[in-house]
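Data block below; observations after.
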Amino acid sequence: MTEMIIENLQKGSLDRKTIESALALKDSGQSQLFSLARDVRRRHHKDTVELRSVIEISNTCSQDCCFCNISVRSALKRYIIPYDEYVRRIGYLYQAKNRRVFLIQSGENRSQKFVDFIARCIDHTKSNYPDSVIILCLGNLSHSQYSLLKSCGADRYILKFETSDPVLYEKIKPGDTLNERIECIGMLAEIGFEVGSGNIIGLPGQDIRDLVNDLLFIGKFKLTMASASVFIPGEASDFSGEDPGDTDLTLNYMALMRILYPELLIPSTSSLEKSRKGGQYLGLMAGADTLTVHDGTPRRLKKYFPIYTTHRFTPNETFIKRIMKKAGLSSACM
Ligand code: SF4
Numbered sequence: 071m072t073e074m075i076i077e078n079l080q081k082g083s084l085d086r087k088t089i090e091s092a093l094a095l096k097d098s099g100q101s102q103l104f105s106l107a108r109d110v111r112r113r114h115h116k117d118t119v120e121l122r123s124v125i126e127i128s129n130t131c132s133q134d135c136c137f138c139n140i141s142v143r144s145a146l147k148r149y150i151i152p153y154d155e156y157v158r159r160i161g162y163l164y165q166a167k168n169r170r171v172f173l174i175q176s177g178e179n180r181s182q183k184f185v186d187f188i189a190r191c192i193d194h195t196k197s198n199y200p201d202s203v204i205i206l207c208l209g210n211l212s213h214s215q216y217s218l219l220k221s222c223g224a225d226r227y228i229l230k231f232e233t234s235d236p237v238l239y240e241k242i243k244p245g246d247t248l249n250e251r252i253e254c255i256g257m258l259a260e261i262g263f264e265v266g267s268g269n270i271i272g273l274p275g276q277d278i279r280d281l282v283n284d285l286l287f288i289g290k291f292k293l294t295m296a297s298a299s300v301f302i303p304g305e306a307s308d309f310s311g312e313d314p315g316d317t318d319l320t321l322n323y324m325a326l327m328r329i330l331y332p333e334l335l336i337p338s339t340s341s342l343e344k345s346r347k348g349g350q351y352l353g354l355m356a357g358a359d360t361l362t363v364h365d366g367t368p369r370r371l372k373k374y375f376p377i378y379t380t381h382r383f384t385p386n387e388t389f390i391k392r393i394m395k396k397a398g399l400s401s402a403c404m
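As numbered in my numbering, residues 71 to 404 make up the sequence shown, in order.
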């Protein structure tokens with residue numbers, strides 16, 4: 071059975087049944103799947119990793135996602151990193167750490183004042199460090215707000231679809247719809263952003279067919295990046311009592327993403343490490359080619375960004391170097 075699945079994947083016959091069976095592979099079958107994914111990565115990305123620094127610029131959010139610890143209902147102290155501090159952080163990351171790719175992340179805050187502040191930060195970064203790449207992850211905004219951010223020089227935007235099932239989407243994100251998200255993804259691409267998206271694996275109410283749908287859903291968009299996070303029941307979220315997602319299922323999903331969409335940048339996320347010690351290394355072994363170093367957010371503010379768990383794993387440079395080396399990968403930004 072395993073041989074037939076691997077043979078089908080090698081031949082590129084990726085029908086629903088093959089994908090579903092491949093998602094369930096374990097032990098030597100899983101090793102063969104990962105090996106196939108790494109071959110694809112080697113051919114398309116030459117065993118290099120895109121390394122990013124993340125700056126969690128604000129935890130203010132107007133959304134009410136059931137899986138999240140920083141939703142609008144959370145009693146968390148809110149912050150926005152002051153402009154001068156942002157300027158110092160970005161200078162340090164560029165000059166002292168040699169980073170060139172910056173991920174600026176926030177909860178969803180559609181106020182024009184906040185978007186203007188982000189625009190100012192982008193403007194500063196691109197004026198002073200023109201070879202930098204700026205990735206934004208700020209949620210659903212309006213067409214004019216996205217356009218403003220693009221015109222200041224932002225390069226990419228991550229907007230996860232979380233699940234391709236519209237009913238499940240509204241259950242996990244009350245107040246938002248999958249249609250609205252799809253419209254935003256379309257707007258971002260039309261404005262000229264390189265767009266990333268992705269899902270969460272193990273959400274309450276999700277089944278294996280949903281994951282096959284999610285994998286195929288990715289192909290409907292012109293994406294340059296896609297991710298899969300393991301569901302971690304956030305301690306202060308509505309889903310705090312739910313079972314966590316399955317690490318192996320997430321890794322298999324990532325390997326299939328690599329095989330189905332060879333050109334995509336695929337991160338090995340810190341949720342994998344939270345889910346299982348060594349999980350982020352396994353993400354690289356399953357074909358991922360992107361890692362995020364958590365050295366952009368000022369230390370005193372990190373505890374106010376407990377997005378998926380209050381005991382987050384926030385990998386530092388030493389950890390990232392170690393797993394990259396172990397996986398036989400390298401990065402120009404280290
Ligand atoms: S997942 Fe993002 S949009 Fe949803 S509540 Fe959390 S920070 Fe806000």
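Each residue gets a CB set at the ideal place from its N, CA and C atoms; glycine is no exception.
- Per DSSP, S267 is one residue of the beta strand (DSSP E) stretching across 264–271.
- Set against 7 Å, the gap from the CB of Q133 to the closest heavy atom of the ligand SF4 is smaller.
- A direct Cα-to-Cα measurement between F172 and K241 gives close to 32 Å.
- Beta bridge pairing from DSSP links S297 with G268.
- Scanning its chain for C-beta atoms nearer than 8 Å, with the 5 sequence neighbours on each side dropped, one finds around C136 the residues K241, I242, K243, P244, S307, D308, F309, in chain order.
- Listed in chain order, the non-local C-beta contacts of L208 below 6 Å within the same chain comprise S176, local neighbours out to five positions each way being set aside.
- Your pair I205 and R226 checks out as a contact, with CB atoms roughly 4 Å apart and the cut at 8 Å.
- By the C-beta density criterion, H364 is buried, having at least 16 other C-beta atoms within 10 angstroms.
- For L211, the secondary structure class from DSSP, reduced to helix, strand or coil, is coil.
- A straight-line Cα-Cα distance of about 31 Å links K147 and N249.
- The distance from the Cβ of P385 to that of S340 is about 6 Å, consistent with a contact at the 8 Å cut-off.
- For Q350, the enclosing alpha helix (DSSP H) begins and ends at 349–355.
- Residue burial annotation: D277 is exposed, with fewer than 16 other C-beta atoms found within 10 angstroms of its C-beta.
- Take the alpha-carbon of Y239 and the one of S267: they are about 14 Å apart.
- Within 10 angstroms of the beta-carbon of Q165 lie fewer than 16 other beta-carbons, which makes it exposed.
- Shown here for R143: same chain residues with a beta carbon closer than 8 Å to its own, the five before and five after excluded, namely D134 in chain order.
- Secondary structure note for L342: it is in no beta strand (DSSP E), and the uninterrupted alpha helix (DSSP H) holding it is 340–345.
- For I188, the closest alpha carbon among the candidates S128, N198, P200 is that of S128.
- Contact between the region 296–306 and the region 368–379 is established, with three or more Cβ pairs separated by less than 8 Å.
- Per DSSP, the unbroken beta strand (DSSP E) holding Q175 starts and ends at 171–176.
- Per DSSP, Y164 has no beta-bridge partner at all.
- In the DSSP annotation of this structure, V110 is not part of any beta strand (DSSP E); the continuous alpha helix (DSSP H) holding it starts and ends at 97–115.
- Within the region 196–255, the runs of beta strand (DSSP E) at least 3 residues long that lie entirely inside it are, in chain order, 203–207, 226–228.
- Taken through DSSP and simplified to helix, strand or coil, V282 comes out as helix.
- For E77, the enclosing alpha helix (DSSP H) starts and ends at 72–81.
- The nearest non-hydrogen atom of the ligand SF4 is 7 Å or more from the C-beta of I151.
- Using a Cβ-Cβ distance cut-off of 8 Å, the region 317–325 and the region 82–98 are in contact, since at least three pairs of beta carbons, one from each stretch, lie closer than that value.
- Its chain contains Y153 as the residues whose beta carbon lies nearer than 7 Å to that of R190, once the 5 sequence neighbours on both sides are disregarded; these appear in chain order.
- The region 354–362 makes contact with the region 325–337: 3 or more CB pairs, one atom from each, lie closer than 8 Å.
- Counting of Cβ neighbours within 10 angstroms places K373 among the exposed residues, the total staying below 16.
- For the 8 Å CB-CB criterion, I271 and G315 form a contact.
- With a cut-off of 7 Å, the C-beta of I140 is classified as near the ligand SF4, since at least one heavy atom of the ligand falls inside that distance.
- When DSSP states are grouped into helix, strand and coil, S144 belongs to the coil group.
- In the DSSP assignment, R122 falls within the unbroken beta strand (DSSP E) covering 120–128.
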